[in-house]
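J.: Under the numbering used here, the first residue of the sequence shown is numbered 35, with each subsequent residue one higher.
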Amino acid sequence: MADKSNTPNAGRAPEADQPGRIRNVVLVGHTGAGKTTLVESLLLATGNLTRLGRVEDGTTVSDFDEAEIRQQRSVNLSLEPLVVNEPDGPIKINLLDTPGYADYVGDLRAGLRAADAALFIISAAEDIDGTTKMLWDECAAVGMPRAVVVTKLDNGRTNFDGVIAMCQDAFGDNVLPAYLPQLGADGVQTGLVGLLSQCVYDYSSGTRSESKASEELRMEIEDARNTFIEGIIAESEDETLMDRYLGGEDIDLKVFIDDLETAVARGSFYPVLPVNPMNGVGVTELLEVMTQAFPSPLEHPVPTVTTIDGQPGPALTCDPNGPLVAEVVKTTSDPYVGKISLVRIFSGTIHADQTVHVSGHFLADRGHDDHDIDEKIGALTCPLGKTQRAIQSAVAGDVVAVAKLTKAETGDTLSSKEQPLLMQPWTMPEPLLPVAVVAKSKADEDKLSQGLNRLLAEDPTLRLEHNTDTHQLVLWCMGEAHLDVLMDRLTNRYGVAVDSVPLKVSLRETFASKGEGHGRHVKQSGGHGQYAVCDITVEPLPSGSGFEFVDKVVGGAVPRQFIPSVEKGVRTQMERGVIAGYPVQDIRVTLHDGKAHSVDSSDMAFQTAGALALKDAAEKAQVTLLEPVDEVAVLVADDYVGAIMGDFSTRRGRVLGSEPVGSSGRTKILAEVPQIEICRYAIDLRSLSHGTGTFSRKYVRHEPMPSHIAEKVRAAE
């Protein structure tokens with residue numbers, strides 16, 4: 035039983051010297067479900083916080099980022115450690131509070147990486163969103179233990195049975211209530227009933243009291259109790275237990291509790307607890323689940339590591355005396371402390387002021403450089419909101435904040451400098467919302483590069499692209515909310531003001547018909563002159579053919595040494611474009627005639643003549659714009675397949691096919707869509723699919739743009 039009346043712990047840092055006394059729990063749920071309030075309630079119940087609610091500056095205990103304060107919502111993965119006093123000694127619980135918005139799925143995945151169990155927070159007043167379902171599936175894929183907390187049962191439009199049905203529809207039949215809520219006359223949850231213990235836990239007086247359920251109440255909960263027990267038995271390793279139970283044998287309650295805890299720790303059974311964080315109802319019972327049913331880090335396999343050069347590394351366990359291997363799961367900046375890295379230690383022990391090796395070999399395509407460097411870390415701390423409580427060391431299995439790792443980025447590995455190792459990071463979500471930005475002033479332009487590099491170090495879901503075709507600086511984000519936070523941090527944290535500008539796609543030009551071109555470059559201004567004349571024929575080639583240059587000059591009309599000059603001039607003009615400034619592709623240029631001067635002809639003169647000839651041919655032929663086309667793969671719930679396909683038709687897309695994905699009730703749709711039509715698809719798909727859809731995209735080719743759209747593009751240049 036968790037002790038709620040322990041001595042307040044707010045002034046001292048929770049520490050653990052054994053992995054078996056640690057629980058790492060990630061909180062998952064959509065925005066507004068009550069995760070942050072639940073964290074505060076748990077801190078209050080264990081003496082780590084003195085009162086619930088916002089503190090003097092208007093922030094919550096989990097707010098430590100200025101963007102969170104301004105936007106009044108969590109946008110970071112945050113760590114809140116607490117200590118629960120158990121009869122056999124204290125247990126440290128590291129609560130990893132994740133953002134509830136789909137744009138921050140990167141932080142959600144980082145939380146899953148750092149945790150050994152997940153607590154899904156479901157609001158009784160809201161539906162379960164697509165991101166929550168997706169993360170449940172990700173937990174299932176790795177066998178992560180899970181439990182479900184239902185909040186906001188005091189909403190007049192809700193009922194607990196309906197919420198359970200919703201959870202089972204989303205997560206499966208093994209999601210079963212371990213407790214039933216007790217509501218007061220005003221509809222506020224004031225207690226709960228334990229289905230196994232058949233006891234009532236009443237919080238209406240402000241303190242928790244326990245009593246046996248009345249006979250009438252026992253009859254009311256009988257069906258739910260039987261269902262719960264049968265669910266536990268189905269997961270039991272005792273194959274005789276069901277027969278004994280159905281046969282009427284009086285089975286010791288401890289047998290069911292032990293089997294329940296084993297099934298939860300194994301990740302095959304998911305108890306549901308109704309909790310009211312505002313008045314603390316159910317918090318003690320939740321602490322019991324986390325301390326007794328959730329596994330310690332000793333039961334969590336350590337991810338595979340390699341040496342720096344990619345050779346197999348040692349097989350590691352969660353051993354405080356083993357080789358040091360830790361991972362940066364989140365990077366933030368504090369205006370006073372500086373850079374703070376949230377670190378999960380998988381093996382070994384880390385000490386304050388220790389020199390460690392920092393390795394990062396990934397995400398080069400997003401603007402991150404590989405690096406291997408030794409760094410001396412600063413203080414180790416356990417945060418409580420903005421307060422950093424210093425500790426001297428942390429053992430394998432723990433999660434701590436590390437100061438002054440100036441080179442380390444999210445996803446990097448920390449190891450000993452004597453034995454550097456590298457851990458493959460978790461799968462980062464692909465940013466799919468491109469936004470072109472420009473500095474507001476020359477002063478901002480000078481600071482922009484440094485500000486963006488700092489954002490990249492903090493956020494591996496961000497990708498920075500310098501588009502060589504459009505000459506735009508493009509931030510690839512997860513969505514509009516993600517973009518808002520990035521802009522906020524650039525302006526208010528790093529003092530860089532930027533504007534977003536219309537995004538350009540990498541268009542191309544090509545000849546749709548044959549054209550003859552005459553290029554004449556003759557100048558005489560005293561002294562050495564310039565003289566070059568060439569005649570070319572330009573023909574279109576099939577898509578993807580590239581460029582061909584053919585020499586058909588006869589009689590030395592163009593001297594042999596200047597024929598490569600003509601080709602070079604043509605290529606240069608192709609890069610500049612001939613009608614709208616976009617590169618030209620898929621043409622054959624034939625040089626068939628020209629003139630030269632024995633004194634005034636030169637390499638540069640024939641380069642210029644070649645360029646003029648190509649422009650002249652473009653004026654006499656039909657030239658079309660080519661637009662890039664992407665192959666788009668959408669994974670969406672079956673209910674929205676029709677809407678997605680219909681939307682593709684409005685975007686000039688061609689649906690290539692669709693297929694069901696297993697028995698998940700989702701369909702994969704494959705289509706080809708012009709890039710210009712899907713610049714904001716990350717936002718639009720979320721709306722079309724009610725948050726259940728995801729997509730990927732890859733370039734396939736350029737193809738002719740419809741004339742009416744091409745005219746609009748030219749007019750906008």
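Idealized CB from N, CA, C, for every residue including glycine.
1. Can the beta-carbon of residue 659 be found closer than 9 Å to that of residue 614?
2. So, using beta-carbon positions, are residue 294 and residue 213 closer together than 9 Å?
3. Would the stretch 442–460 and the stretch 353–360 be scored as touching if the rule is three or more Cβ pairs under 8 Å?
4. Is the stretch 465–481 touching the stretch 383–392 in the sense that three or more CB pairs, one from each, lie closer than 8 Å?
5. Under a Cβ-count criterion, where at least 16 other Cβ atoms within 10 Å of its own Cβ denotes burial, should residue 733 be classed as buried or exposed?
6. In chain order, what residues of the same chain lie with their CB nearer than 8 Å to the CB of residue 569, ignoring the 5 residues before and after it?
7. Relative to the C-alpha of residue 641, which residue among 676, 194, 596 is closest?
8. Going residue by residue through the stretch 136–181, where are the continuous beta strand (DSSP E) segments of at least 3 residues, counting only ones entirely within it?
9. Cα-Cα, which of 67, 633, 114 is closest to residue 156?
10. Are the beta-carbon atoms of residue 211 and residue 198 separated by less than 9 Å?
11. How is residue 380 classed by DSSP in three states: helix, strand or coil?
12. Apply the 10 Å Cβ neighbour rule to residue 355 and answer buried if 16 or more other Cβ atoms are within range, or exposed otherwise.
13. Measure the alpha-carbon distance for residue 483 versus residue 533 and round it to whole angstroms.
14. According to DSSP, is residue 69 helix, strand or coil?
15. How long is the line joining the alpha carbons of residue 490 and residue 441, rounded to whole angstroms?
16. Apart from the five residues just before and just after residue 55, which ones in its own chain have a Cβ nearer than 8 Å to its Cβ?
17. How about residue 668 and residue 581: do their beta carbons lie closer than 9 Å?
18. Among residues of its own chain, excluding the 5 on either side of residue 695, which ones have a beta-carbon nearer than 7 Å to its beta-carbon?
19. Might you give, ordered along the chain, the residues of its own chain that have their beta carbon closer than 6 Å to the beta carbon of residue 665, omitting 5 neighbours on each side?
20. What do you reckon, is the C-beta of residue 467 under 8 Å from a heavy atom of the ligand COA?
21. Output the distance between the C-alpha atoms of residue 713 and residue 682, rounded to the nearest integer angstrom.
22. Report the option in 238, 252, 716 whose CA atom is closest to the CA atom of residue 727.
23. On the CB-based measure, 16 or more other CB atoms within 10 Å of its CB, does residue 753 come out buried or exposed?
24. Among 594, 548, 520, which residue has its Cα nearest to the Cα of residue 469?
25. Taking only three categories from DSSP, how would you classify residue 328?
26. Rounded to the nearest angstrom, what separates residue 182 and residue 208 at their Cα positions?
27. On a Cα-Cα basis, can you pick out the residue from 342, 300, 335, 309 that is closest to residue 327?
28. Comparing C-alpha positions only, which one of 412, 240, 425, 347 sits nearest to residue 374?
29. Do you know whose CA, among 578, 535, 352, lies nearest residue 542's CA?
30. Given residue 478, which residues of its chain have a CB within under 6 Å of its CB, disregarding the five upstream and five downstream residues?
31. Determine the closest residue to residue 255 out of 574, 229, 272, with distance taken between C-alpha atoms.
32. Mapping DSSP to helix, strand and coil, what is residue 313?
33. For the beta strand (DSSP E) containing residue 125, list its first residue and its last residue.
34. Quick check: what's the CA-CA separation for residue 165 versus residue 62?
35. Please list the segments of the beta strand (DSSP E) lying wholly inside the stretch 204–265, counting only runs of 3 or more residues, in order along the chain.
36. Out of curiosity, what's the CA-to-CA distance linking residue 546 and residue 632?
T.: For this structure:
1. yes
2. no
3. The stretch 442–460 is in contact with the stretch 353–360.
4. no
5. Flag for residue 733 reads exposed.
6. 550, 551, 552, 553, 625, 626, 627, 628, 647
7. With distances taken between Cα atoms, residue 641 lies closest to 596.
8. 151–157
9. 67
10. yes
11. strand
12. exposed
13. 15 Å
14. helix
15. 12 Å
16. 123, 124, 125, 126, 330
17. no
18. 669, 701, 702
19. 706, 732, 734
20. The ligand COA is absent from the structure shown, which contains no ligand whatsoever.
21. 13 Å
22. For residue 727, the closest alpha carbon among the candidates 238, 252, 716 is that of 716.
23. Missing from the structure shown is residue 753; the chain here goes from 35 to 751 and no further.
24. 520
25. Note: residue 328 maps to coil in three-state DSSP.
26. As the crow flies, the alpha-carbon of residue 182 is around 11 Å from that of residue 208.
27. 300
28. 412
29. 578
30. 530, 531
31. Closest in alpha carbon position to residue 255, among 574, 229, 272, is 229.
32. coil
33. 123–131
34. One C-alpha to the other measures close to 10 Å.
35. 209–211, 213–217, 223–228, 233–236, 243–246
36. 37 Å
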